[in-house]
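Working notes, beginning with the structure itself.
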Amino acid sequence: MAPHRSWVQAEDDILVDVLTELALDGKWKSDTGFKSGYLKVIEQKLAEKLPNSGLSTTNIDSRIKTLKKHSMAINEMLSFGSGFEWDYVNNKLVSEKNLFDEWAKFEIELPYEPCSVNSSHPSIKGVYGKVFPHLDALVEIFAEDRANGKGAASLAEELEEIDKKEAQERENETKQETEQETEREQSNQSGSVDEANNSNDKGRRRKRVRSSSLDVGSGESSGDSNGLNLMANSFSKFVSGTLSHFEAIRSTLSQESDTNKQLFEELQKIDGLTDDDVIDVASIILDSSTKTKMFFGMEEGKRAHYVKNRILK
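Residue numbers for the sequence shown, in the working numbering: 2 to 314.
Spelled out as structure tokens, the structure:
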């Protein structure tokens with residue numbers, strides 16, 4: 002099992018963009034969710050966009066589960082709660098802390114559930130005060146799943162299942178780390194015994210060092226020299242891979258900057274929009290890769306209708 006991995010924002014951005022791409026492709030997503038094999042496709046696409054990132058299907062699956070449970074929890078609160086708003090500028094849930102805490106414990110009756118459900122859940126508590134820039138895109142990706150069978154169970158049940166899987170993964174990781182630590186301790190103990198058994202031979206071994214293993218000019222053994230060369234080569238490869246990874250992230254951020262600039266230019270062409278309207282619309286569109294693709298993918302003459310009737314309605 003791959004160890005737990007922290008994701009940076011640029012990696013999340015690309016992951017959500019790839020998820021959106023697959024969600025719009027009937028080959029990889031049906032009404033009830035993504036089809037078998039989609040994680041491998043995502044892994045390949047991320048490897049192309051983020052070379053040397055080392056993201057495995059296990060890392061990707063874990064991150065998707067986290068993004069899904071947080072987006073569904075926030076959407077539930079905004080849809081059925083009272084006193085909750087979404088800050089489209091800072092991409093945060095806005096509410097009084099006491100209201101949030103009450104919601105985390107409160108039983109509500111949802112329109113698609115046969116009875117009230119208890120919303121108390123660790124995943125809901127984890128979203129307070131957190132920046133979550135891809136809410137709209139993730140809701141569009143996963144909301145349909147819940148409406149077509151896969152999400153027919155309550156949100157609480159769905160999130161509980163995700164948390165159980167994550168808890169099991171963490172337990173397995175802890176077990177694996179414990180086993181590795183035990184192996185290291187046993188190895189160290191074995192090494193200590195060997196050192197004690199061989200201590201009487203140190204003098205003789207030193208006297209019998211072969212002249213062929215010495216570099217007369219430098220005074221270093223060839224074994225030490227080879228070891229240093231190996232370390233240098235390994236470090237060089239690590240630095241090269243890291244630089245390639247950051248260069249890919251830099252390139253992605255540069256493309257996003259170009260998109261932002263182009264969006265503002267296109268919005269300013271629409272008659273009747275104030276400066277505040279342009280800023281609000283840009284914030285909402287850029288918050289969702291799906292909306293961004295939709296805006297630039299439609300004919301220029303339809304953009305005004307889309308902005309005024311769908312974004313600013």
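Think of the CB as a built atom: it goes at the ideal place given N, C-alpha and C, for glycine as much as any other residue.
Treat the numbers as computed from the prediction; the structure is a model and nothing was measured.
The residue from 76, 297, 9 and 236 with its alpha-carbon nearest to that of residue 143 is 76. DSSP, read as helix, strand or coil, puts residue 88 in strand. Membership of residue 94 in the beta strand (DSSP E) is indicated by the continuous run 93–95. About 7 Å separates the CB atoms of residue 135 and residue 13; that is less than 8 Å, so the two are in contact. In the same chain as residue 89, and ignoring 5 residues on each side of it, the C-beta atoms closer than 8 Å to its own belong to 281, 284, 285 and 288, in chain order.
Residue environment for residue 27: exposed (fewer than 16 other C-beta atoms within 10 angstroms of its C-beta). Of the residues 293, 274 and 176, the one whose Cα lies closest to the Cα of residue 261 is 293.
A direct Cα-to-Cα measurement between residue 229 and residue 235 gives close to 10 Å. Judged by DSSP secondary structure, residue 279 falls within the alpha helix (DSSP H) whose first and last residues are 276–287. In this structure, the straight-line span from the alpha carbon of residue 129 to that of residue 94 is close to 7 Å. Using a 10 angstroms sphere on the CB of residue 18, the tally of other CB atoms reaches 16 or more, which defines it as buried.
If you ignore the 5 residues before and after residue 8, its C-beta comes within less than 7 Å of the C-beta of 64, all in its own chain and listed in chain order. With 16 or more other Cβ atoms from the protein chains shown falling within 10 Å of its own Cβ, residue 82 counts as buried. Here residue 100 has 84 as same chain residues with Cβ atoms under 6 Å from its own Cβ, once five neighbours each way along the sequence are excluded.
Residue 72 carries a helical assignment under DSSP once its states are collapsed to helix, strand and coil.
Residue environment for residue 70: buried (at least 16 other C-beta atoms within 10 angstroms of its C-beta).
Assigned with DSSP and collapsed to three states, residue 35 falls in strand.
Under the three-state reduction of DSSP, residue 292 is assigned to helix.
Looking at the DSSP output, residue 30 shares a beta bridge with 35.
Here DSSP, grouped into helix, strand and coil, assigns residue 19 to helix. Here residue 48 is exposed. Its C-beta has fewer than 16 other C-beta atoms within 10 Å. For residue 53, the secondary structure class from DSSP, reduced to helix, strand or coil, is coil. By the CB criterion at 8 Å, residue 67 and residue 44 fall outside the cutoff. Put simply, the backbone Cα of residue 33 is about 49 Å away from that of residue 187.
Cα atoms of residue 6 and residue 131: separation of roughly 19 Å, rounded to the nearest angstrom.
Nearest neighbour of residue 38 by Cα position, chosen from 141, 301, 104 and 62, turns out to be 62. By the criterion of a C-beta distance shorter than 6 Å, residue 92 is surrounded in its chain by 132, 133 and 134, once the five residues flanking it on both sides are discounted.
Around the beta carbon of residue 232, fewer than 16 other beta carbons lie within 10 angstroms, which makes this residue exposed. Per DSSP, residue 302 is one residue of the alpha helix (DSSP H) stretching across 301–307.
Of the residues 42, 36, 290 and 297, the one whose Cα lies closest to the Cα of residue 266 is 297. Contact check for residue 15 against residue 40 fails: the beta carbons are separated by 8 Å or more.
Straight-line spacing of the CA atoms in residue 308 and residue 259 works out to 20 Å. For residue 133, there is no enclosing alpha helix (DSSP H), as DSSP gives it neither H nor E.
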